[in-house]
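K.L.:
Going by our numbering, 62 is the number at position 52 of the sequence shown; the sequence numbering is gapless. Don't be surprised by glycine CBs; every beta carbon is placed ideally from N, CA and C. Dropping a structure here in structure tokens format, bear with me for questions.
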Amino acid sequence: MSHPAPYPVRLADEITRQLGQLADHLSQLPPPQAAQVIARVLDPDKGVLGGVTEVFSAT
11 MSHPAPYPVR LADEITRQLG QLADHLSQLP PPQAAQVIAR VLDPDKGVLG
61 GVTEVFSAT
């Protein structure tokens, strides 16, 4: 019998899935709107980039 994936693994899988959805949406946006979304993702304090940096600094 397999063991269920621990919560952090499921969370990482969900984040990966949502990033794929974001990429799909970005490809459909007009360039100015896509740039706004990308700026939010890359925000070092509140964006995904800042979050990834925090994850790696915690390990």
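Skipping 5 residues on each side, what residues in its chain have a beta carbon closer than 8 Å to that of residue 51?
P.N.:
For residue 51, where only same-chain residues beyond five positions count, the Cβ hits under 8 Å are 32, 57, 58, 59.
K.L.:
Do you know whose CA, among 22, 27, 14, lies nearest residue 62's CA?
P.N.:
Selected option, being the one with the closest Cα: 22.
K.L.:
For residue 35, which of helix, strand or coil comes out of DSSP?
P.N.:
DSSP places residue 35 in helix when its eight states are reduced to three.
K.L.:
By Cβ distance, which residues of its chain are closer than 8 Å to residue 29, with the 5 residues on each side in sequence left out?
P.N.:
So the qualifying residues of the chain are 58.
K.L.:
As an exercise, report each continuous alpha helix (DSSP H) stretch of at least 4 residues that is fully enclosed by the stretch 23 to 69, in chain order.
P.N.:
Those alpha helix (DSSP H) runs which fall completely within the stretch 23 to 69 and span 4+ residues are 41 to 52, 58 to 67.
K.L.:
If you draw a straight line from the C-alpha of residue 44 to the C-alpha of residue 37, how long is it?
P.N.:
So the alpha carbons of these two residues sit roughly 8 Å apart.
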